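Number of protein chains: 2
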Amino acid sequence: MTTGSDSLLCAEQNFYGPDSEKIYTSGSMHPIKVGMRKINLSKTYRIHDRDFSFFPLYDTSGPYSDPSADINLAKGLPCTRDSWHEQRNDVEPAPSTAPSPMNGRQPKRAVQASPVTQMHYARKRVVTPEMEYVAIRENQQLEAWIETCSLNKNSFKPVTPEFVRDEVAAGRAIIPANINHPELEPMIIGKNFRVKINANIGNSALGSSIEEEVEKAVWACRWGADTVMDLSTGSNIHTTREWILRNSPVPIGTVPIYQALEKVDGIAEELTWELYRDTLIEQALQGVDYFTIHSGILIDYLPAAAKRTTGIVSRGGSIIAKWCRAHNRENFLYTRFDEICEILRTYDIAISIGDALRPGSIADANDQAQFSELKTLGELTLKAWEHDVQVMIEGPGHVPMNLIAENMQKQIDLCHGAPFYTLGPLVTDIAAGYDHVNSAIGGTLLASLGCAMLCYVTPKEHLGLPEKGDVREGVIVHKLAAHAADLAKGSPVAWLHDKLMSSARYSFAWNDQFNLSLDPAGVRKIHAESTPEQNGKNAEDNFCTMCGPNFCSMKKNQEMPGK
Amino acid sequence: MTTGSDSLLCAEQNFYGPDSEKIYTSGSMHPIKVGMRKINLSKTYRIHDRDFSFFPLYDTSGPYSDPSADINLAKGLPCTRDSWHEQRNDVEPAPSTAPSPMNGRQPKRAVQASPVTQMHYARKRVVTPEMEYVAIRENQQLEAWIETCSLNKNSFKPVTPEFVRDEVAAGRAIIPANINHPELEPMIIGKNFRVKINANIGNSALGSSIEEEVEKAVWACRWGADTVMDLSTGSNIHTTREWILRNSPVPIGTVPIYQALEKVDGIAEELTWELYRDTLIEQALQGVDYFTIHSGILIDYLPAAAKRTTGIVSRGGSIIAKWCRAHNRENFLYTRFDEICEILRTYDIAISIGDALRPGSIADANDQAQFSELKTLGELTLKAWEHDVQVMIEGPGHVPMNLIAENMQKQIDLCHGAPFYTLGPLVTDIAAGYDHVNSAIGGTLLASLGCAMLCYVTPKEHLGLPEKGDVREGVIVHKLAAHAADLAKGSPVAWLHDKLMSSARYSFAWNDQFNLSLDPAGVRKIHAESTPEQNGKNAEDNFCTMCGPNFCSMKKNQEMPGK
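Residue numbers (numbering that gives the first Met the number 0), protein chains in the order written: chain A, 0 to 562; chain B, 0 to 562.
Here it is in C-alpha cells:
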C-alpha cells in the first residue's frame, strides 16, 4: 500500500497493546503531521486487488499513544497549532488576559474582531491546515485504494482538502477549533464524513475531583471519543476546564450557562446577559471549541412544553425557561444571538444550538414543542452563517424507532444542511442501566440516515454520573454505532475494516481479530478465558472457541471436498 | 383496573425483588391460569383517563417466581398442560418408549399419526387452551384500557383468543408446544404479537456441565427469554436436554443434526436419513417444541457460498454442505421434507427452517446464496403447511443497517407471512466483545419492521460459550430491543409501560423507576452507589442523581412560576 506521504514510525508502543504502533502522515500543503494507529497484521489479506499486511486506523488518542511524547498533565500537551498559524496576521494577544497558569501561553483573539473561523476561510476558498489535517485523517492513508474500489455498485472518492473546504463553506460540516486550543488535533463533523461521537464528562455538586475529570477526558479519547464535553457544574469549574483543555487532543465543548448559573449561586432568575457574555469570553480565551447555547427556546413554546409527560429535560433549557417565566421576557440567548455570534467568530468557536425542548420520554417525541424549537434553530443557523460562525444543531432525546426518520428529515428540511448532533435517541424509556445500548440503537439508525455526531450515553444515564468504566462502555458502544452507520452510508474505509476482520475470522487469525476489534484488550481477555487448558492457550488454533473443533462451520468449509 | 378475570395473589415474593408479586389470571374458556408479575406502584398515575396503582407485566419466569411452587430440579415442573388435554382423544401413549426418568410420565404421540398441531385445530376453528393462554398473556390484564385508548391516532384492540386462532390458521403466528412438553406455558410468535426473544444455551466439547446448562436455562427465563434453544454438542446430550425440558416453562428448540452428528462421531459424511429421523423422534418424545432444520440449502447453492468472504457460518449448514459434497447428492433434509413434516405434526413440533446460508459477514449480506435459500424456505413453508405443521423462518446473520429492510421485505414476499426469527442481524463485523449490543441494534430495526422473534447474542459471540453473566446481558439487551420494536409497532401495552416509567421519573418516584426497568436489581444497585452519603440514601429525593439538586431540569420544571 502506498500513500504518497511519508510515515514516521515510532519504535516502541504499549498504549495500543501488541501489534499496533503510532504513525504520522505529513501534509503536502501545510507543516502538519497526522497521527494514526497502524495495526500490523499477522497475514497478508488480498482485498479488491490490493494486499493488506497492515491497516491504519483513525485515532483520537493524540500524543498519549506516542511513546516519544513527553506527557505532563500539569503542563499540558504541546501547542502545535500555534506554529501552523505563524504567518497568519489576523490574531493578536488578548489584552488584559492572564497567561495560562499551566503552559504560560497568552490567549489570542481576532484583530479588530474580524472573523477567523474555518467557515470564513472556506468561503474565501482558503484551505487551512485544519482542513488538510482532517482530509488526511478521514482517508486513513487509503487514498489509492479508495480510488480503485467500488462497493455496492457505488464508486467513492477519497476526501480531498478542497472537498473539506467546500463542505465547511456550505455549512454542511464544521471543524471546531478555537484559536486558543492549540493542543487540538482537528476533526470534522458533517454527514459526508465519518460519523463522530462525543463523550460527556464533568463533575457535579455530588462529587468527583479535577484529576478524575482530566483522567476521564483522556480515557474517553483513548477509547475513541472524537470530542469531549465538559459539563462540570460544581466548584472549581474554571480550573477543571483549564486542565481538561490543556490536556485534550480533541475539541472540547461546554454549556456556558452552567458556569453562569454557578456565578449567581444557582438562582436562574438572577442571570443577566452581561454575566453570560463575560462567561462566554472567559471560556473563549481558555480555548473551548464549541458552545451549546439554548437560543431556540422561546417563551411562546413553554405552554406546549408544560403539557408534556416529562416537560423540559434539558438542564440549560430548564434554566432559561425559569428565567423567561420569572421575568416574563424573551430568552436572552435568542435576543442577543448576533452579539453571541460576534464573540464566537473572533475565536472560531462553533455553536451547537441546543435543543432545550428535546423529548425526554417516548410520549413527548416529535411533538409540537420539539418541532417548534427546531424551526427556530433553522432560523438561527442562517443568522450564525451571516457571521461566518460554524453551526451544528442538537437533537433528541427519547424517540421510538418509527419516529426517528422524521427527526432526520425535519432537521434537514429546517436547518439548511447544518450537521445534526444528537443524544441517542433512546428508543425506550425503560432501559435504565442499559441506556448506553438504548442510545446506540437509536443513534445507529439516525446516523445511518445522516446524523453527523452522536453524543454518548453511559450505563449510568438517568441514575448517576459516569465513572471511568462507564465512560469506556459508553464510548465503545457509540463507536460501534458510528461505525455501523458509516458502513450503512457506504464508507469504503469502514467497509474495508469489516472485510479485514471477517477475513481474519475466516482464516482463524485470532490476533488480527483482536487488534481489528473495538476493544483489543477486552477481547483478548475474553478469548483467553474461553480457551480451555486442554486445548492450549494458542490463539492460532484452527477452530472457533464457541463451537469447538468438531462443530466449527468455518473449519468444515475449508475441509470441504471440491473447495 | 378491572380485567374480567379473577387474580390469585401470592402472599410472599422474593424472586422479583421488592414491590412485585406473582398473580394469575384464569381463562374463561379453558381451565387455565396465566401467571404475570404485578408491580405495586408507590403512587397512582393517571394515564388516558385510567388510574394505575399497579402494573401487570408479561412474565416468562414460570413457577420459579411463585413462592408457593414446589421446585425440585431433579423431578421437574408440574405437567400442567396434560390436564388441559384430558378430553382430547387424539393422543395416546407412545409404545416401546420408556417413561421420563425424572417425572415418570409416559411420552405421547398422535393417534394414527394424524396432525395434533395448533395449526390443525386453528384451521378447524377450534380455540385451544394454548390459544386462550397466549391471548390473556399478550394483553397483560389491560383489555379494558386498550379498548379505550388511542395512540398516535391509531386505535388498537386487545388480543382475543379468536384472533390468536386466526393468526395461527393463516400461518402468520406459531405456538410452539409439543404434546410432550406439558410443563410449558404457551407463548406465540408472530408479527402481530409482542416481539419475542430466544436465548441459546448448551454445552460444547469445550466444557460446561448439565447442572450449569439447566441453571442457564432457568436463569434465561428469569431475565425474560421467551424461548430457549439447547444447542448442546458435547456428551450427555440426551440427558442434558431431558433436564432442561422438564424444568423449562418456555418452549425449547434444538438443532437435531447436532445430536445426529454426535452419533456418527462428528463425521458428517456418515450421516443418514434413518439416523436423523430416529434423532427427531427421540427428541420429539422428550418434548422439544421446535426444531431448526436446514432443509433449504441445496447443492446448487454451494458454489455461490464458496465464493463468499466467510462461506457458510451456520453449523448445521456446514454439516449438510459437507455431506452433499461428499456424496454428490441433494440435501436429505430437503428430499425427505414430507417425511419430516409427518413426524412433526404428530407431536406438534414447529419447524424453524434454518438459514444455512445466512451471511456471516457484512460483505456477504443479501447475496445470491442467501436469497436463493430464502426462496426455497418459502417453498418449504407451503409444503409444511400442507401437513398443518407450524413454521417459522430463520434469518441473518450479519447485515449492515442499509440492507436490513430488504431482508424483511424479501422474507415477507417469499415466505407467505410465516414468522421471521433472526439472529441479530449484527450490523458490523468488528464488535467482538460487544456483539450483544451489535445484535440488539440490528434486531431492533428488523423487529420494528415485522420480525417476530430475535435470537439473543451474548458478549461472548465469536469468542466463546456464554456464562451466566453473559446470558443475563444477552437477554436484557434483546428484551430492550424487542420492547423498543413493540413501541415502534404501536403496541399500547408497551407504550403504557414507558409512559408509567417516565411519569415515575418526572415525579422522582425512584422505586417505581427501578421496578419498571428491565433490571430492577441492577438499577437499584447503580442508583445506591451513585447517591452520595451526604445526601442520604433516600430513593425518594426530589432531584435527579445525575445533575444534583441545583441542575435538575425536572425539579426546575416543577418550581417554575405559572406551572
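In this text, a Cβ means the ideal position worked out from N, Cα and C, and glycines have one as well.
Values in this document were obtained by computation on a predicted structure and should not be read as measured data.
Closer than 7 Å by beta-carbon distance: list the chain A residues that pair up with residue i, in chain order.
| i | result |
| --- | --- |
| B/V476 | Y433, V436 |
| B/L183 | Chain A residues near B/L183: none, gap ~27 Å exceeds 7 Å. |
| B/I236 | Within chain A, no residue comes near B/I236; the closest Cβ sits about 12 Å away, beyond 7 Å. |
Just how far apart, CA to CA, sit residue i and residue j?
| i | j | result |
| --- | --- | --- |
| A/Q410 | A/M452 | 14 Å |
| B/L301 | B/C414 | 21 Å |
| B/D81 | B/T226 | 20 Å |
| A/R45 | B/R357 | 23 Å |
| A/L376 | A/F14 | 42 Å |
| B/G75 | B/P250 | 15 Å |
| B/F290 | B/I318 | 16 Å |
| A/E460 | A/F51 | 41 Å |
| A/E281 | A/I178 | 14 Å |
| B/V312 | B/I350 | 20 Å |
| B/K536 | B/E20 | Bear in mind that a pLDDT of 44 at B/K536, under 50, signals an unreliable position, so the number given afterwards is only what the model happens to contain. Distance between the alpha carbons of B/K536 and B/E20 is about 25 Å. |
| A/G473 | A/A198 | 8 Å |
| B/S346 | A/Y505 | Reading the sequence as shown, one finds Tyr at residue 346 of chain B and not Ser. So the alpha carbons of these two residues sit roughly 39 Å apart. |
| B/V167 | A/M500 | 42 Å |
| A/D18 | A/V115 | 41 Å |
| B/K555 | B/H526 | 21 Å |
| A/A303 | A/N246 | 43 Å |
| A/Y420 | B/P160 | 46 Å |
| A/A224 | A/S294 | 26 Å |
| A/A481 | A/K195 | 6 Å |
| A/A283 | B/A305 | 59 Å |
| A/G441 | B/I440 | 8 Å |
| A/K321 | A/L230 | 20 Å |
For residue i, return the contacting residues in chain A, with the cut-off set at a CB-CB distance below 8 Å.
| i | result |
| --- | --- |
| B/V90 | None at all; the shortest Cβ gap to chain A is about 35 Å. |
| B/E399 | The displayed chain sequence assigns Pro, not Glu, to residue 399 of chain B. Under the 8 Å cutoff, chain A gives A483, L486, A487. |
With 9 Å set as the bound, which would you pick, yes or no: does the beta-carbon of residue i sit closer than that to a beta-carbon of chain A?
| i | result |
| --- | --- |
| B/I318 | yes |
| B/N360 | Correcting the residue identity first, residue 360 of chain B is Ser in this sequence and not Asn. Answer yes: the Cβ-Cβ gap between B/S360 and chain A drops below 9 Å somewhere. |
| B/G535 | In this prediction, B/G535 scores a pLDDT of 41, lower than 50, which makes its location untrustworthy; the coordinate-derived value is nonetheless stated afterwards. No, B/G535 does not count as interfacial toward chain A. |
| B/F513 | yes |
| B/H526 | yes |
| B/L260 | yes |
Any beta carbon from chain B within less than 9 Å of residue i's own beta carbon?
| i | result |
| --- | --- |
| A/W293 | It is His, not Trp, that sits at residue 293 of chain A in the sequence shown. Not closer than 9 Å to any Cβ of chain B, the Cβ of A/H293 fails to qualify, so no. |
| A/Q557 | yes |
| A/T278 | no |
| A/M500 | yes |
| A/I243 | no |
| A/P458 | yes |
| A/A305 | yes |
| A/T309 | yes |
| A/D518 | yes |
Can you list the residues of chain B that residue i reaches, using a CB-CB cut of under 8 Å?
| i | result |
| --- | --- |
| A/D497 | S360, I361, A362, T427, D428, I429 |
| A/V522 | A431, G432, L462 |
Applying a beta-carbon distance threshold of less than 9 Å, which residues of chain A neighbour residue i?
| i | result |
| --- | --- |
| B/T421 | What B/T421 touches in chain A: nothing, since even the nearest Cβ is about 15 Å away. |
Quick one: what's residue i bridged to in DSSP?
| i | result |
| --- | --- |
| B/V390 | B/I350 |
| B/H461 | B/H461 is not bridged to any residue. |
| A/Y15 | The partner list for A/Y15 (beta bridge, DSSP) is empty, contrary to what the question assumes. |
| A/I22 | A/M35 |
Residue i versus chain B: which residues are under 7 Å apart at the beta carbon?
| i | result |
| --- | --- |
| A/V125 | None at all; the shortest Cβ gap to chain B is about 36 Å. |
| A/L479 | T427, A430, Y433, V436, N437 |
- [ ] Quick one: which unbroken alpha helix (DSSP H) runs of 4-plus residues sit fully inside the segment 179-235 of chain B? Chain order, please.
- [x] 209-222
Task: Within the segment 105-187 of chain B, ranges of the beta strand (DSSP E) (whole runs, at least 3 residues) - done: 107-109
Task: Complete runs of the alpha helix (DSSP H) confined to the segment 468-500 of chain B [at least 4 residues] - done: none
TODO: Pick out the complete beta strand (DSSP E) segments inside the segment 235-312 of chain B, 3 residues or longer, and give them in chain order.
DONE: 251-253, 289-292
Task: Ranges of the beta strand (DSSP E) found wholly within the segment 37-97 of chain B, counting only runs of at least 3 - done: 49-56, 90-92
Open item on the list: At 4 residues or longer, what runs of the alpha helix (DSSP H) sit wholly inside the segment 396-458 of chain B?
Closed with: 403-413, 434-447
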